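What follows is a single structure, written as structure tokens, with notes after it.
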Amino acid sequence: MSTHKSKSVLTLQNVSKNYLLDGVVIKAVDNVSLTINEGELVAIVGPSGSGKSTLMHIMGLLDRQSTGQVALEGQDVSNLTEAEAAQLRNKYVGFIFQQFNLLARTSTLENVLLPTIYTEDPAPELKKKAIQILTSLGMESRLKNYPNQLSGGQQQRVAIARALINDPKIIFADEPTGNLDSKSGKEVVGILQDLSRKGKTIVIVTHDPDLAKVAKRIIQVKDGQVIKDQNK
Amino acid sequence: MIVSVIAKTATTSILRNKTRSLLTTLGVVIGVASVILLTSIGNGLTVFVEEQFQNLGSNLLIIAPGDIVNDEGGFNQESAALSLSSSKLSLSDVKALARIGNPVTAVTPVIEGAGEFRSPQGKKQGIIVASGADYTEMRNTKAALGRFFSNADVNGSRKVAVIGDKIASELFAGSNPLGDTITINRIKFEIIGVVEKKTNGGFGGPDLDSAIYIPITSAKTALGLDKISYLLAQVDNKNNIPYAKRKIDEVMLKRLNEEDFSITDQSEILKTIQTILSTLTLGLAGIAAISLVVGGIGIMNIMLVAVSERTKEIGLRKALGATPNNILVQFLIESAVLSTLGGMIGITIGVVGALLLRSFFPATPSLNSILLAFGVSLATGIVFGVFPARKAARLSPIEALRYE
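Order-wise, the sequence lines are chains X and G.
According to my numbering, the first sequence is numbered sequentially starting from 1.
According to my numbering, the second sequence is numbered sequentially starting from 1001.
Shown next as structure tokens:
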């Protein structure tokens, strides 16, 4: 299969998300259509309140659109039950959060393995795989540490390893450097770039223009609409 | 997703909060422990009473003066008190009943009264039991030392006494009382025997170890006791009891009015007491069960706190692929593990408590009550865990992740 055109991982078609706030309809996402292709490193940027987080939640199957279609690898996922969405997230989507969101009093290794306990047919030798990923992120000496014994940068690396454990088709990073000092932030950006070079599809959501610069494609969102979508 | 993994997750989170987990289970611990303890006491009482009845001899019919049994078969207290003082039973009734023959193997009159017993070592209050020589066999009251009084003693109105174990140890400490003299209500009796120990401390009922047994004839002549308390009739075997009862009724009706006597057998009394005790046990267990419910509410409370405390964790788990069911099961297992943990601690405390109590009180823990307590505590955890678990399962992952 020769690919002139790269394969699409995620497609949104006329997607809107409406909230009802004090009787007034708020359009958090307003008629957005876009496609994320395999291997892309995309940044979704926009000021806070622009709807970029809601957009990411819909793309990451955490939230459901009010109207429009969402397709994951060509398969329509617009009308899933909560449980179905959970299983797809588990298999196909990785999340990296601003707050790291590691389980407290839980070791690095266990944190990385957390998604696998909800996997229906988990891959064999998960522990080995987790150690491999952590080693590639330079965390091999911190396997048994709890999150409170790690620096912010280290915690975010654990979170990245957790996002990678089930080989997701797409990784969402929501302000991944927002809680880090600039040095650790740079390291994390380096890791994301590295993953992208290895072919991972990554979507970074940020309001930080410096972080957006690392992406090859920048989608600008304002008032729930895509106002600019350009490749570098 | 394997339940065992989720179970492990649940257990881990319990172990992470050891102190709180223990405090949470406290209600269930107390509930289960008290259920076990109280049912043990109820069971123990029943066993104890049954043993006591066996000790008192079996296949006996008691002919009591007056109408002590009411129409419903219960004990008629007012007329019982009245009729004891105006007993119309007489020694000639004994002779008449003895003539029935099979299946009535023996009949003996009994006079019971309070007495004061003196020896050179001191004095003691107790019960005087005056009867015929058959009493020893009928009541299973054997002399451990010396002998029980014989027909000859009865016929000769001899002032001989067989004393209870406690009287021997208290009034004749350190010596063999046989052949000594004991003063019963100021009349001297010669001690010919010591009765074997009957009860271990005398829980409820008359203290038979502080009783003195004398021939009924001497009670009349020497002590002036002449109102017969009751007659005992022994039946050859259990199956003949109803028949014997009818025969005795016939004979007695020819001699006395219907309201002047009543016939009861031991099994009837035992049955009544057993009914009372099992009702009592049930009532006690019911009261204890209330504390189990309170314990369950405690668990629900803490689980609700845990759900809101761990909102962010729940959101994360959901984002990473946990289905609402996964979360529901995790929290249900958590509360079930908590409550069964409490149940097991409670069972241990209850059983150990019952065994410790044994030296003072006949407490017998039963396997049934242990299994029941275990089951109830597990059910408590699940029932009271449902509400918090559903709350957790319904959290939206986005809201939960945003929660600070």
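Quick reminder that beta carbons are idealized off the backbone N, C-alpha and C, glycines included.
Since the model is a prediction, treat every value here as computed from it, not as a measurement.
Contact with chain X is absent for A1392(G), since none of that chain's Cβ atoms lies less than 9 Å from the residue's Cβ. Taking 9 Å as the cut-off, the Cβ atoms of Y1243(G) and A1064(G) do not count as close. The DSSP-derived three-state label of S8(X) is strand. Nearest CB-CB separation between P176(X) and chain G: not below the 9 Å threshold. Distance from the CA atom of S141(X) to the CA atom of K200(X), rounded to whole angstroms, is 25 Å.
Cβ-Cβ distances below 7 Å link A1336(G) to L1378, G1381, I1382, G1385 in the same chain, with the five nearest sequence neighbours on each side left out; the list follows chain order.
By the CB criterion at 9 Å, V77(X) and L55(X) fall outside the cutoff. Distance from F1261(G) to P1215(G) at the Cβ level is roughly 23 Å; contact not present, criterion being Cβ atoms closer than 8 Å. In this chain, the alpha helix (DSSP H) harbouring A1244(G) covers 1241 to 1255. Sequence-distant partners of A1289(G) (beyond 5 residues in either direction) whose C-beta falls short of 8 Å from its own C-beta, in its chain, are G1031, V1035, V1376. Residues are counted here when their Cβ sits less than 9 Å from a Cβ of chain X; for the stretch 1289 to 1322 of chain G these are K1312, E1313, G1315, L1316, R1317, K1318, A1319, L1320, G1321, A1322, given in chain order. Taking C-beta separations shorter than 7 Å and ignoring five residues to either side along the sequence, the partners of S1157(G) in its chain run P1215, T1217, S1218, T1221, following chain order. Under the three-state reduction of DSSP, N1155(G) is assigned to helix. When secondary structure is reduced to three states using DSSP, K1318(G) falls in the helix class. At a cut-off of 9 Å between beta carbons, L1401(G) contacts chain X.
Scanning its chain for C-beta atoms nearer than 7 Å, with the 5 sequence neighbours on each side dropped, one finds around H207(X) the residues V45, G46, P47, S48, in chain order. Closest option to T1009(G), judged by alpha-carbon separation, among L12(X), V32(X), I117(X), M59(X): I117(X). Minimum Cα-Cα distance from Q155(X) among the listed residues K232(X), L20(X), I96(X) corresponds to I96(X). Near chain G, meaning a CB-to-CB distance below 8 Å, the residues of the stretch 71 to 99 of chain X are E82, A83, A86, Q87, R89, N90, K91, F95, F97. Look at the beta carbons and you see the stretch 7 to 16 of chain X touching the stretch 54 to 70 of chain X: at least three pairs across the two are nearer than 8 Å. Flagged as an interface residue toward chain X: I1398(G), by a C-beta distance shorter than 9 Å. Among the CB atoms of chain X, none fall inside 9 Å of the CB of I1333(G). Nearest in C-alpha terms to G190(X), of all of M139(X), L211(X), D121(X), T106(X), is L211(X). With fewer than 16 neighbouring CB atoms inside 10 Å of its own CB, S33(X) falls in the exposed class.
Under the three-state reduction of DSSP, A104(X) is assigned to coil, being neither helix nor strand.
Of R1310(G), R1147(G), R1099(G), I1182(G), the smallest CA-CA separation from S1119(G) is found for I1182(G).
Residue burial annotation: R1310(G) is buried, with at least 16 other C-beta atoms found within 10 angstroms of its C-beta. Against T1024(G), chain X offers no close residue; the least beta-carbon distance is about 18 Å (beta-carbon pairs closer than 8 Å). Between N1102(G) and Q1234(G), the gap from beta carbon to beta carbon reaches 9 Å or more. Identification of residues in the stretch 111 to 131 of chain X having a C-beta nearer than 8 Å to some C-beta of chain G yields L114, P115, I117, Y118, T119, E120, given in sequence order. Restricted to the stretch 1137 to 1182 of chain G, the alpha helix (DSSP H) segments that are unbroken, complete and at least 4 residues in length are 1151 to 1155, 1165 to 1171, listed in chain order. In this structure, D174(X) keeps its C-beta atom at 9 Å or more from the C-beta atom of K27(X). Less than 9 Å divides the Cβ of P147(X) from the Cβ of L102(X). Under a criterion of Cβ atoms nearer than 9 Å, no residue of chain X is adjacent to V1003(G); the nearest Cβ is some 11 Å distant. In this structure, K127(X) sits near L109(X), with a CB-CB distance shorter than 9 Å. By the Cβ criterion, the stretch 1136 to 1152 of chain G is in contact with the stretch 1186 to 1196 of chain G, since at least three pairs of Cβ atoms, one from each stretch, lie closer than 8 Å.
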